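Chemist: My structure is below; once you've seen it, I'll send some questions.
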Amino acid sequence: MDTSIPFFVYGTLIPGQPNDSYWGESVLKTEPAVYGHGRLVSLNAFPMLLEDIDSETGIVGVLVYVSAADYADVMSTIDQLEEYDPENGDSPYQRVLREVKTEAAEVKTAWLYLGKPEIGNQYPTIESGDWVLYLRSIQSDGMTQWWREKGESLLFGRSLD
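Start counting the sequence shown at 2; every next residue gets the next number (the numbering used here).
This is how it looks when you write it as structure tokens:
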């Protein structure tokens, strides 16, 4: 396993968002980036990225670089959060390698979690492609409180409790 491949995150795993604790102490660095072939949809409490080769909307996110010693554990933890099972085609997300572009216009290969269109297509598109900006536009309370209040829709119907 190539432990130098970063993760491209675009929602609740972005540092400063409600699920950033899943990274633990394993983060070496982060870097803003954009994925250019997708459509971001809102599932109320979290986003889903759908691949759309024809899209001109850049999906705003962050590259997260993880220490080699923690890489396999972090990948397993994030896979569980995203309900991704590499042996099960019924997972709502698939972890795939895709190219993203950094602010410095460098193209980098990263892991990202793509949602299944049959799930995501029923939800509204986030036109800006930016989850954090979208959250700021729809809430006035703290982000964590808003996210917790939407808990009934987390993880495809399971609650936070």
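Idealized CB from N, CA, C, for every residue including glycine. Just so we're clear, the structure is a prediction, and the values are computed from it rather than from any experiment.
Confirm, please, whether the CB-CB distance from residue 39 to residue 60 is below 7 Å.
Modeler: The answer is yes: Cβ separation under 7 Å.
Chemist: Classify residue 87 as buried or exposed, calling it buried when 16 or more other Cβ atoms lie within 10 Å of its own Cβ.
Modeler: By the neighbour-count rule (16 or more Cβ atoms within 10 Å), residue 87 is not buried but exposed.
Chemist: Kindly indicate which three-state DSSP category residue 118 falls into: helix, strand or coil?
Modeler: In the structure shown, residue 118 sits in a helix (DSSP, three-state: H, G or I).
Chemist: With a 10 Å radius around its C-beta and 16 neighbouring C-beta atoms as the bar for buried, classify residue 25 as buried or exposed.
Modeler: Per the 10 Å Cβ criterion, exposed.
Chemist: Within the continuous beta strand (DSSP E) that includes residue 60, where are the two ends?
Modeler: Element bounds for residue 60: 60-67.
Chemist: With distances taken from CA atoms, which of 125, 112 and 116 is nearest residue 3?
Modeler: For residue 3, the nearest C-alpha among the options comes from 112.
Chemist: What does residue 39 pair with, by DSSP beta-bridge criteria?
Modeler: Note: residue 39 sits in a beta bridge opposite 52.
Chemist: Return the bridge partner residues of residue 100 from the DSSP annotation.
Modeler: Residue 100 pairs with 110.
Chemist: How about the region 97-114 and the region 62-70: do they share at least three Cβ pairs that are nearer than 8 Å?
Modeler: Touching, yes, given that three or more Cβ pairs across the two stretches are closer than 8 Å.
Chemist: Going by beta carbon distance, what residues of the same chain come within less than 7 Å of residue 110, once the five residues before and after it are set aside?
Modeler: Excluding residues within five positions, the ones whose Cβ falls inside 7 Å are 6, 98 and 100.
Chemist: If you measure between the beta carbons of residue 29 and residue 20, is that distance less than 7 Å?
Modeler: No, the pair does not count as a contact, with Cβ atoms beyond the cut-off.
Chemist: Among residues of its own chain, excluding the 5 on either side of residue 37, which ones have a beta-carbon nearer than 7 Å to its beta-carbon?
Modeler: The answer, listed in chain order, is 59 and 102.
Chemist: Short check: CB of residue 44 to CB of residue 50, under 7 Å?
Modeler: No; because the gap between Cβ atoms is not below 7 Å, this pair is not in contact.
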